[in-house]
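What follows is a set of notes on a single structure, which appears directly below.
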Amino acid sequence: MSSVPLPMSRQSRISWSRVIIYTVMILFLLFYLLPVYLILITSFKSFDQVSLSRMWDLPNGFSLASFDRAWNGGEGVIGMRGSFWNSIQLVVPATVISCLLGSLNGYVLSKWRFPGSETLFTLILFGMFIPYQSVLVPLVEVLREIRLYASIPGLILVHVVYGIPITTLIFRNYYATVPNELLEAGKIDGADFFGIYRHVMLPISAPGFVVVAIWQFTSIWNEFLFGLIITNDPQLRPVTVALQNLSGSQFTQWNVQMAGALLVALPTLLVYIFLGKYFLRGLLAGSLKG
Amino acid sequence: MQQVKASTAAAASRPATQWLRKNRDRLIAIGLISPSVIAIAVFVYGFIGFTAFSSLTRWDSLTPDFTLVGLRNYTRLFTIDRFLSDLRNTVTFTALFLAACLAIGLGLAILLDQGVKGEAIFRTIFLFPMAISYIVTGVVWRWLLNPGTIQTGSSGINLLFERLGLGFLKSPWFTDPTIIHIPPDSWPGAWLVQNGFGVLASPRVGISVAMISVVLAATWQMSGYTMALYLAGLRGVPDELREAARVDGATELQVYRYVVLPILRPITLSAVIILGHISLKIFDLVVSMTGPGPAFATDVPAFFMFDTTFRGNNFAQGAAIATMLLFTVALLIVPYLVYTTRTEAEL
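Chains as they are written, first to last, in my numbering: chain B, 1 to 290; chain Z, 1 to 347.
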C-alpha cells in the first residue's frame, strides 16, 4: 500500500506466495467444479454418444434427449415431471407455514420471555439435531391415525414440525437485535402484543423471512428420508426420491441420470446463485452462531 | 364484559391495569407458542420415548408385540456382523471426514483472507455444493468414481487419471472390500492376540478403504461450509490485534499461530460438533452413492436401521439401532446446546 518502492527481494517473495495461493485455490476450484463439468458434458450428449470410454469427451453439439427422457420418461425410465409438481406442492406451503410459525415463535422467545422460556428454547432446539430414524416408526403410525400418511399434506406437516427449531432459532436471534426501547415506545403508545408485532417487528422482518424461506425451501427440496417413508406411493414422490429411483433402476443410462440430477439441483442452485448472502446467513445460524 | 372490567380496573389504579395488560399479552404469547411446543413435545420427545420403549420389546414382525425383553435387542446388535461393520465404518468416516473438512475449510478460509482477487467467485464456487441434495451428490459421485470393469476398461476418474498420465492414482474406489488393519501375524498383532485383544488386530477394527470414496463426496459437499464458518470467524478478528502483533515483530505465520488461530478455537469446536453429528447420521449419501457396499464396507447405522425396520420389519431391533444413534448424537449435541444457550444468556 505504501508509495515507497519495496526492495526487490521482498517484492518477489510476495509474488511467489501469491503464485502459491492462486495455484492452490485453482486446484480446489477444479475439485469443486469437476462433478459439474461431468454432469454438463454427460447430460447434453445424445444417446449414441454415451459410452464409458468416451465419458470425458465433449458432446458433439447439444442434445436434449437425456433431459427429455429424464423429464417425460420412456424405455423403462419413469419420468420425473410428476415428482417436480409434487415437490412444488410440498415446498411452497411448508415454507410459508414455517416462516409464519418461526416468526411468531421467535417474537415470543425474544421479546416476551417468561420463566423457563430459555429452557424451553433449548429443548426445542434439540429437535433439529436428532437423527430422524429415531422418530420414524411412531411418526408413520400417528400420520396413519390422522389419515395423513402417504399424502402431500402429511409431508407438509412433518416438514413444518421438524422445521420449528431452525425457523424459531433464526427469527429469535434476528429479533433479539431489535432494541427493546422500540417495543417500550410501542407499549407507551398503547400497542398490545399483536400491535407491536404488526407495527414494530413485521416491518423490519423482511431479511428474517428471506433467510428462513430460503433455508426451508432448500432443505425441504433436498430432503430424502421423510419423502421416502411418508409418500409410500409412486404418484406422490418428491424429486429426490424420484431421482434415486431413476438412478437405481437404470444403471446404464448415465446421461439420463445426470440430466435428472441437474434438473433436481437447478432450483436450489438458482436460489443460491441469486440469494447466496441470505443462504449463507441461514447456514451460519444452523451452527447456533450469528 | 372484559372491557367493563378493564375500565373499572383502570379507575381503581393505573399500575394494576398495566399489570393486567402485561399479563394478558404474556398469556397471548404463551398461547401462541404452545402449538409449536406441543408439536415438538409429541413429534420429538414423545416419538423418541416410543422408539426407546419399543427397543425394549419383542416387536419383530408387522404385528406389534410389546412384551418387554430388557436390553436383549441391544446386546444382540453386538453379535451382528453388519452392525459391527457399521461401527467401524462410522469411526472411519467421522475421523476422515472431520479431518478433511477442517483442514480444507481452514486452509481455504486463510487463503481467501489474504485479499485474493475474485474472492467472491472463489467463495461462491467453494460453497455451492451445500445448496445441493445429498442424493444429487451421491448420483454424480457414483458416476465419477465408477471404477469400470475388466470388460469395459477404466471409467470415471480412473479414465481421467489414465489420460493425464496419472495411472498410478487409479483405484477400485467404493468397490474396494479392503479393510486396513493391524495384521494378526505382525509382532504388535501377535502381542494383541496373545493378550486377549485379538479384535484390535482383526478387520473389525480398521479403515474401510471403500469408505474413503464416500468421505471424498461428503467433503466435496461440506468443506465449503466449514470454510464459511472459519471465514466468518476470521472476519471477526480485529485488524488492530494483527497489526499489534506485526509491530511486535511477529511474522505472518506467527500472527496466525499466536493471534488468529486461538481466536478461531470456538469455531473449530462448533464445526467439529456440527460435522460430527452429521457424519453419525449420514444416510442419504450412502443410499444414493454406494449402498451397503461389498461385505458392508460402506454400510452405516442409519442405513442398517432403515433396512431392519422397513425392509426386515424387525421394529424392535431397528428401534434399538435408532436409539443408539440418537444417544451418540445427544452425547455430542446436548453439552454443546446447553453451553451455547447458557453463555448467550450471560451476555
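Note that the Cβ used here is the ideal one computed from N, Cα and C, for glycine as well.
Distances from the alpha-carbon of I80 of chain Z to those of Z:F304, Z:D60, Z:L32 and Z:D185 put Z:F304 closest. A201 of chain Z has a beta carbon lying at 7 Å or more from every beta carbon in chain B.
For A185 of chain B, no chain Z residue has a C-beta closer than 8 Å to its own C-beta; the minimum C-beta separation is roughly 15 Å. Counting along the chain, no alpha helix (DSSP H) covers T63 of chain Z, and no H or E run does either. Residue contact with chain B for I132 of chain Z: present (Cβ-Cβ distance below 7 Å to some residue of chain B). Check the Cα spacing between L269 of chain B and each of Z:N73, Z:G153, Z:A302 and Z:T124: the tightest is with Z:T124. A Cβ-Cβ distance of about 13 Å is found for the pair Q244 of chain B and F306 of chain Z, leaving them out of contact under the 8 Å criterion.
The beta carbons of V140 of chain Z and I39 of chain B sit closer together than 7 Å.
With its beta carbon less than 7 Å from one in chain B, L32 of chain Z belongs to the interface. Ranked by how close their Cα comes to the Cα of T178 of chain Z, the residues Z:A29, Z:N314 and Z:T298 have Z:T298 in first place. Less than 7 Å separates the beta-carbon of M128 of chain B from that of I166 of chain B.
Here A52 of chain Z really is in contact with T323 of chain Z; their C-beta atoms are around 5 Å apart, less than 8 Å. The segment 252 to 271 of chain B makes contact with the segment 56 to 67 of chain B, as at least three CB pairs between them are under 8 Å.
Here the alpha carbon of W71 of chain B sits roughly 54 Å from the alpha carbon of P184 of chain Z. At a cut-off of 7 Å between beta carbons, D25 of chain Z contacts chain B. For Q114 of chain Z, the nearest beta carbon of chain B is closer than 7 Å to its own beta carbon. For the segment 29 to 54 of chain B, the set of positions with a beta-carbon nearer than 8 Å to some beta-carbon of chain Z reads L29, F31, Y32, L33, L34, P35, L38, I39, T42, L52 and S53 in chain order. By the criterion of a C-beta distance shorter than 6 Å, M222 of chain Z is surrounded in its chain by C101, once the five residues flanking it on both sides are discounted. A Cβ-Cβ separation of about 12 Å leaves S270 of chain Z out of contact with L332 of chain Z under the 8 Å criterion. Neighbourhood of F97 of chain Z in chain B, by CB distance below 7 Å: empty, with the nearest CB roughly 15 Å away.
Secondary structure note for Y45 of chain Z: it is in no alpha helix (DSSP H), with a DSSP letter that is neither H nor E. For a Cβ distance threshold of 8 Å, residue set T124 and L127 of chain Z lies close to G276 of chain B, ordered along the chain.
In the DSSP assignment, M227 of chain Z falls within the unbroken alpha helix (DSSP H) covering V209 to R235. Bounds of the alpha helix (DSSP H) holding S66 of chain B are A65 to N72. Non-local C-beta neighbours of S247 of chain B in its own chain, meaning closer than 6 Å and more than five positions away in sequence, comprise Q257, ordered along the chain. Taken through DSSP and simplified to helix, strand or coil, G49 of chain Z comes out as helix. For the 7 Å CB-CB criterion, Y175 of chain B and S110 of chain B form a contact. In this structure, A210 of chain Z and T175 of chain Z form a Cβ contact; the two beta carbons are roughly 7 Å apart against a cut-off of 8 Å. By the CB criterion at 7 Å, P35 of chain B and L144 of chain Z fall inside the cutoff. Contact between G156 of chain Z and N146 of chain Z holds: their C-beta atoms lie close to 4 Å from each other, under 8 Å.
In this structure, the beta-carbon distance from T240 of chain B to S279 of chain Z does not fall below 7 Å. Taking a Cβ-Cβ threshold of 9 Å, the residues of chain Z close to G127 of chain B are I40, F43, V44 and Y45, in chain order. With respect to the 7 Å criterion, F126 of chain Z and M289 of chain Z are not classified as neighbours on the basis of their beta carbons. Short of 6 Å from the beta carbon of H277 of chain Z, and not among the five residues preceding or following it, lie these beta carbons of its own chain, in chain order: V329, L332 and I333.
A Cβ-Cβ contact shorter than 7 Å links L325 of chain Z with P301 of chain Z.
Close CB contacts of A261 of chain B within its chain, under the 7 Å cut and outside five residues either way in sequence, are with I39 and L243 (chain order).
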